[in-house]
Amino acid sequence: MRVAEISLPAIRHNVARVRELTGGAVIVVVKAGGYGHGAAIVAAAALEAGATIIGTADLEEALALRESGIDGPILCWLHGVRADFADAVGADIELGISDLDQLNKLADAAAQLGKRATLHLKVDTGLSRNGASPGAWDELFARAAELEAAGTVRVRGIFSHLANAGDENDRLQAARFDEAIAGLRAAGVEPELQHLAASAATLRSPHLHYNAVRVGVAAYGLSPFADKTSAQLGLIPAMTLRSEIVALRGVPAGTGVSYGFNHVCETPTTLALVPIGYADGMPRALNGAGAWVTVAGEPRPIVGRIGMDQFIIDVGPLAGRLKLGDPVVLFGDPERGYPPVEIWSGLMRTINYEIIASIGPRVLRVPVDGDAA
Ligand SMILES: *Cc1c(COP(=O)(O)O)cnc(C)c1O
Numbered sequence: 001m002r003v004a005e006i007s008l009p010a011i012r013h014n015v016a017r018v019r020e021l022t023g024g025a026v027i028v029v030v031k032a033g034g035y036g037h038g039a040a041i042v043a044a045a046a047l048e049a050g051a052t053i054i055g056t057a058d059l060e061e062a063l064a065l066r067e068s069g070i071d072g073p074i075l076c077w078l079h080g081v082r083a084d085f086a087d088a089v090g091a092d093i094e095l096g097i098s099d100l101d102q103l104n105k106l107a108d109a110a111a112q113l114g115k116r117a118t119l120h121l122k123v124d125t126g127l128s129r130n131g132a133s134p135g136a137w138d139e140l141f142a143r144a145a146e147l148e149a150a151g152t153v154r155v156r157g158i159f160s161h162l163a164n165a166g167d168e169n170d171r172l173q174a175a176r177f178d179e180a181i182a183g184l185r186a187a188g189v190e191p192e193l194q195h196l197a198a199s200a201a202t203l204r205s206p207h208l209h210y211n212a213v214r215v216g217v218a219a220y221g222l223s224p225f226a227d228k229t230s231a232q233l234g235l236i237p238a239m240t241l242r243s244e245i246v247a248l249r250g251v252p253a254g255t256g257v258s259y260g261f262n263h264v265c266e267t268p269t270t271l272a273l274v275p276i277g278y279a280d281g282m283p284r285a286l287n288g289a290g291a292w293v294t295v296a297g298e299p300r301p302i303v304g305r306i307g308m309d310q311f312i313i314d315v316g317p318l319a320g321r322l323k324l325g326d327p328v329v330l331f332g333d334p335e336r337g338y339p340p341v342e343i344w345s346g347l348m349r350t351i352n353y354e355i356i357a358s359i360g361p362r363v364l365r366v367p368v369d370g371d372a373a
């Protein structure tokens with residue numbers, strides 16, 4: 001009764017769109033359960049569409065993809081201090097390496113297994129998160145060159161991440177990234193892939209494409225920009241969050257709805273119960289904010305407080321056309337008449353990323369190939 005339909009044609013289209021825009025390698029990021037879409041579903045569709053590498057944050061996510069049968073290249077870059085790099089090398093996971101400790105730990109794991117490890121050096125160019133600071137580059141690059149010469153590791157790439165703090169800052173970060181690439185080359189390493197841009201720079205800043213990009217939100221068909229829609233960017237939203245009507249109740253004027261009665265029906269109407277709630281990622285604070293869903297192709301308002309498991313819509317004049325089991329679409333592709341996810345993120349003063357990444361584990365992810373209807 002709680003379904004996130006994931007359109008495989010949409011994912012493939014979005015990945016193809018990014019390939020067409022950049023012409024280089026494309027790393028499709030499926031961290032956080034594929035931004036709530038299901039990591040393995042998205043990874044498989046992305047590889048079919050020509051993604052070069054699948055990216056995750058955590059090693060655990062990368063290993064889970066292997067267990068799900070994803071056998072293409074996988075890169076992960078955010079490591080706990082106790083991460084076991086032998087697992088990574090054993091499963092042919094490429095690692096983002098941010099410091100000398102990680103590099104040596106990876107080299108030890110590779111030596112122990114008698115298997116060459118593949119890595120991408122991560123440099124901080126201004127975001128102030130992970131990645132080696134400029135002062136640590138020389139030592140890190142020298143050690144990487146030494147390990148590569150010894151055959152212990154392959155330095156496949158070098159990368160950094162943008163702060164999206166405006167064009168001028170992007171250019172400053174790119175200049176630092178250029179210095180890092182030059183430094184690595186001077187140390188005797190020629191990285192196959194150089195990647196800086198995530199979705200925003202991929203869609204807006206061709207001068208930041210280098211020869212590879214890492215896209216998350218664009219692959220899911222959503223816009224990283226407040227002032228541009230998916231359609232304006234040539235992207236198709238891949239997730240349709242849907243449920244069904246499980247109860248219909250005719251009520252007189254004056255009827256209070258849900259906890260606290262903060263909604264009271266002004267006229268006689270019909271209420272429909274929909275079994276998705278805040279435990280499933282529907283923000284409780286949407287209550288009373290004006291959010292709507294699509295029922296029988298029509299927009300209808302969410303009324304009363306959203307519960308942990310369920311919410312209510314006022315179906316008003318549609319009542320006679322509805323029956324139990326009829327589908328309710330919470331968000332999806334506005335080109336198909338569904339509310340865009342940005343209605344929720346706008347009302348919640350957050351970004352579309354947070355809404356999709358918060359869709360809960362009770363929602364079944366169903367890959368759909370072809371027309372979802
Ligand atoms: C999440 C992430 C991305 C993808 O970002 P989008 O804005 O979703 O494209 C790229 N690179 C890194 C390092 C990330 O953590």
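If you read the sequence shown in the UniProt record's numbering, its first letter stands for residue 1, the second for the next number, and so on. Cβ atoms here follow ideal geometry from the backbone N, Cα and C, with glycine treated the same way.
#1: Run through the DSSP bridge pairs and tell me what Arg-300 is partnered with.
#2: Suppose contacts are defined by Cβ-Cβ distances below 8 angstroms. Is Leu-63 in contact with Asp-87 by that definition?
#3: Can you tell me whether residue 438 sits near ligand 1, meaning its C-beta is under 7 angstroms from at least one heavy atom of the ligand?
#4: Verify the contact flag: Pro-224, CB atom, against every heavy atom of ligand 1, threshold strictly below 7 angstroms.
#5: Less than 8 angstroms separating the beta-carbons of Asp-124 and Ser-160?
#6: Can you look up Ser-243 in the DSSP assignment and give me helix, strand or coil?
#7: Going by DSSP in three states, Glu-94 sits in which element: helix, strand or coil?
#8: Nearest CA to the CA of Thr-52: which residue from Tyr-35, Ala-83, Asp-84 and Val-18?
#9: Quick check: the region 341-350 against the region 203-215, are there 3 or more CB pairs under 8 angstroms?
#10: Between which residues of its own chain and Gly-34 is the CB-CB distance below 6 angstroms, once the five residues before and five after are set aside?
#11: Report the option in Trp-137, Pro-268 and Gln-173 whose CA atom is closest to the CA atom of Gly-126.
#12: Less than 7 angstroms between the CB of His-161 and some heavy atom of ligand 2, yes or no?
#13: Quick one: give me the first and last residue of the alpha helix (DSSP H) that Asp-170 is part of.
#14: Please determine if the region 219-234 and the region 276-294 are in contact, where contact requires at least 3 C-beta pairs separated by less than 8 angstroms.
#15: Suppose contacts are defined by Cβ-Cβ distances below 8 angstroms. Is Ala-57 in contact with Val-89 by that definition?
#16: Looking only at DSSP bridge pairs, what is Gln-194 linked to?
#17: Give me the Cα-Cα distance between Arg-2 and Asp-84, rounded to the nearest whole angstrom.
#18: In the structure shown, what three-state DSSP assignment does Gly-69 receive?
#19: Taking 8 angstroms as the cut-off, decide whether the C-beta atoms of Val-257 and Cys-265 are in contact.
To lay it out plainly:
#1: Val-293
#2: yes
#3: In the structure as shown, the chain starts at 1 and stops at 373, and residue 438 therefore has no counterpart that could be examined.
#4: yes
#5: yes
#6: strand
#7: strand
#8: Val-18
#9: no
#10: Val-42
#11: Gln-173
#12: Here the bound small molecules are ligand 1; ligand 2 is not part of this structure.
#13: 167-186
#14: no
#15: no
#16: Ile-158
#17: 36 angstroms
#18: coil
#19: yes
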